[in-house]
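What follows is one structure encoded as structure tokens, with my remarks underneath.
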Amino acid sequence: MRNFKSMITALFLFSVLSLHSAEIEVLHWWTSGGEAKSVGALKTMLEKSGHKWKDSSIAGGNGVNAMTVLKSRAVAGNPPAAAQIKGPSIQEWAELGFLANLNKVAKANKWDKVLPKRFADHMKYKGKYVAVPVNVHRINWMWVNPAVFKKAGAKIPTTWKEFEVAAKKIKKAGFIPVAAGGQPWQEATVFETIVLGVGGAKFYKKALVDLDMKALKSKTMKKAFDTLRMVKSYTDKNAPGRDWNLATAMVYKGEAAMQFMGDWAKGEFKVAGKKIGVDYLAVDAPQTAGAYLYNIDSFAMFKQKSNAKTKAQNKLAQLVLSDKFQTIFNNRKGSVPVKLGVSKMPFDDIALRSMDALNSAAYTKELLPSMAHQMSVNDAIKGAIVDVVTEFYNSKMSSSKAVKKLASSVKAEM
Ligand code: BGC
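Residue numbers (our numbering): 13 to 426.
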């Protein structure tokens with residue numbers, strides 16, 4: 013009798029759950045070891061809540077490939093239910109009428125209170141939430157293998173001058189000074205870090221956020237290109253085409269001394285079982301201490317005809333901003349919670365330093381959106397900047413020419 017009763021209860025629960033459950037397709041580009049482990053937490057939590065996750069992962073760092081796929085699917089009238097979209101692109105997609113309004117779930121979960129206004133604003137279109145933020149990544153880190161530095165008798169640099177001194181020693185000792193990935197977005201990541209270092213926060217904002225023509229054409233920008241050329245001279249010949257996570261592996265394997273990359277690199281050190289302070293260090297990229305180039309990942313939901321799917325989307329959005337997900341995901345991913353008030357206890361030293369840097373940079377106005385990671389300017393302008401950087405990086409173009417080209421390419425897209 014008791015068995016019969018529990019069978020009926022189970023059947024009842026199952027039918028209730030399946031009535032309200034739905035499968036949602038989630039398009040993202042988190043395919044490296046650390047990234048896949050991180051997004052896995054969201055899949056598990058969604059499925060525990062009774063819904064189904066249809067994975068649509070498109071390999072390719074920075075989402076370049078994922079965005080191409082998303083655009084063609086949207087044009088064909090077949091977008092996924094949820095997709096990783098960020099920065100000003102969120103507003104562009106909303107303006108085209110694709111995105112669902114998340115205000116109901118936002119209100120119920122007090123997003124306006126639990127999110128810093130500046131980050132919440134990235135998620136809104138005409139005052140309504142159309143995306144949910146996942147995390148905050150810091151771009152201007154330098155990942156270091158301390159053993160390689162020691163073997164080369166080099167000092168970890170805090171300025172670009174010191175960088176050159178250290179890189180020379182490292183090269184002489186038979187190591188690759190900088191582990192570089194050879195894709196346009198990676199070159200642009202190094203470039204924007206250098207722009208911040210060489211020019212400072214005010215200059216970065218003028219040039220890569222406000223698109224001030226004078227700043228784009230300035231001597232300081234020329235110096236940034238010169239510095240990029242100098243950094244490139246300390247990379248290896250096999251860099252072209254290399255994925256970012258393979259470059260990270262060169263650092264933890266002791267083949268290379270440094271990598272300039274956002275803190276998703278930490279996710280790779282972690283899945284490889286490497287220990288902070290022993291196997292690797294994260295230090296501020298030269299001349300960028302105190303500044304914080306931010307990069308926020310987010311999911312936008314595409315309008316659905318079925319009520320059940322809309323419910324599942326709202327559930328996904330709610331889970332993303334739960335304390336539990338923010339803790340598990342960001343610990344694995346290398347980022348820090350975007351939600352205020354999440355306990356700092358489970359986070360490591362690098363994450364705690366990122367949180368501190370975030371707070372102080374917000375105060376000193378050195379909290380800046382990343383250009384290379386789609387936070388500061390729209391896709392067309394970002395594309396124009398990245399194209400110039402890549403052309404410069406992979407040719408013998410002079411810095412003076414690069415500066416002129418940068419200004420004219422940006423102007424053409426404005
Ligand atoms: C994303 C990160 C991701 C990285 C490499 C960045 O643009 O914000 O979440 O790990 O690209 O794919």
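Glycine included, every Cβ here is placed at the ideal spot set by N, Cα and C.
Beta-carbon within less than 6 Å of residue i's beta-carbon, same chain only, minus the 5 sequence neighbours each way: which residues are those?
i, result
"V263", "W155, N157, A191 and Q271"
"A179", "P189 and Y246"
"D335", "V354"
"V229", "Before going on, a small fix: residue 229 reads as Lys here, not Val. The residues are V415 and A419."
"V401", "E199, A200 and F203"
"A268", "I188, A191 and M262"
"V348", "V148, N342, A363, S366 and M367"
"K66", "E35 and E37"
"S411", "K234, F237 and D238"
"A251", "A192 and G194"
"N257", "S44 and E280"
"T205", "N152, F272 and A297"
"G99", "Q386 and M387"
"K55", "W65"
"A4", "Summary: the structure shown does not reach residue 4, with the chain confined to residues 13 through 426, and so no result is reported for it."
"I340", "A53"
"M225", "A419"
"K417", "V400"
"V81", "I70"
Round the Cβ separation of residue i and residue j to the nearest angstrom and send it over; I've been treating them as touching at under 8 Å.
i, j, result
"F311", "A95", "7 Å"
"D275", "H385", "D275 to H385, Cβ: 12 Å. No contact."
"I182", "A93", "At roughly 48 Å, the Cβ-Cβ gap does not stay under 8 Å, so I182 and A93 are not in contact."
"K345", "G46", "7 Å"
"L379", "V221", "Not a contact, Cβ separation roughly 11 Å."
"G193", "D124", "With a Cβ gap of about 38 Å, G193 and D124 do not count as contacting."
"Q195", "G52", "Actually they do not touch by this definition, with Cβ atoms about 25 Å apart."
"P298", "W153", "11 Å between Cβ atoms; not a contact."
"A106", "Y137", "4 Å"
"F110", "A86", "6 Å"
"E174", "N390", "Wrong, their Cβ atoms sit about 36 Å apart, outside the cutoff."
"K244", "Y405", "6 Å"
"A185", "A159", "Not a contact, Cβ separation roughly 11 Å."
"N121", "L352", "Wrong, their Cβ atoms sit about 13 Å apart, outside the cutoff."
"V350", "P145", "4 Å"
Excluding the five sequence neighbours on either side, which residues of its own chain have a C-beta within less than 7 Å of the C-beta of residue i, listed in chain order?
i, result
"S27", "In this predicted model, S27 has a pLDDT of only 49, less than 50, meaning its place in the structure is not dependable; the value taken from the coordinates is given anyway. So the list is empty, once near-sequence residues are dropped."
"A166", "A178, K181 and I182"
"N307", "H149, I151, G274, S382, H385 and M387"
"V283", "G45, G46 and K49"
"T7", "Not covered by the structure: residue 7. The range shown for the chain is 13 to 426."
"M57", "L331 and F337"
"S68", "E37, V38, L39 and P92"
"A227", "F215, K218, A219 and M233"
"W197", "G73, N74, V76, A384 and V398"
"I97", "W105, A143, S310 and A312"
"G395", "none"
"D360", "I288"
Residues in the same chain with beta-carbon distance under 8 Å from residue i, minus the five sequence neighbours each way, listed in chain order, please.
i, result
"T260", "W155, A191, Q271, M273, A277, E280 and F281"
"I393", "L223, V422, E425 and M426"
"H32", "G62, A320 and K323"
"F161", "K167, I168, A178, I182 and A269"
"Q316", "A93, A112, T322 and Q325"
"E59", "W65"
contact_flag[the segment 283 to 302, the segment 359 to 375] where n(CB pairs < 8 Å) is 3 or more: Inter-segment contact for the segment 283 to 302 and the segment 359 to 375 is present: three or more beta-carbon pairs are separated by less than 8 Å.
4-residue-minimum alpha helix (DSSP H) runs that sit fully inside the segment 185 to 222, ordered along the chain: Annotation: the segment 185 to 222 contains the following complete segments of the alpha helix (DSSP H) (minimum length 4 residues), in chain order: 196 to 220.
Whole runs of the beta strand (DSSP E) within the segment 235 to 280, excluding any shorter than 3 residues: Runs of beta strand (DSSP E) with 3 or more residues, each lying fully within the segment 235 to 280, are found at 268 to 272, listed in chain order.
Within the segment 278 to 338, ranges of the alpha helix (DSSP H) (whole runs, at least 4 residues): List check, alpha helix (DSSP H) in window: 319 to 332.
Three or more C-beta pairs below 8 Å linking the segment 278 to 294 and the segment 209 to 228: At 8 Å Cβ cutoff, the stretches do not touch.
Secondary structure, alpha helix (DSSP H): runs of 4+ residues fully inside the segment 53 to 104: Qualifying alpha helix (DSSP H) stretches, in chain order: 76 to 87.
Validate contact between the segment 323 to 335 and the segment 109 to 119 using beta carbons, cut 8 Å, 3 pairs: Cβ pair count under 8 Å is three or more, so yes.
Inter-stretch contact at 8 Å, needing at least 3 Cβ pairs: the segment 125 to 141 / the segment 232 to 242: Contact fails: fewer than three Cβ-Cβ distances are below 8 Å.
Those runs of the beta strand (DSSP E) which lie wholly inside the segment 106 to 180 and span at least 3 residues: Counting whole runs of 3 or more residues, the segment 106 to 180 contains the beta strand (DSSP E) stretches 143 to 145 and 153 to 156.
Completely contained alpha helix (DSSP H) runs for the segment 384 to 423, where each covers 4 or more residues: As far as the segment 384 to 423 is concerned, its whole alpha helix (DSSP H) runs of at least 4 residues are 391 to 405.
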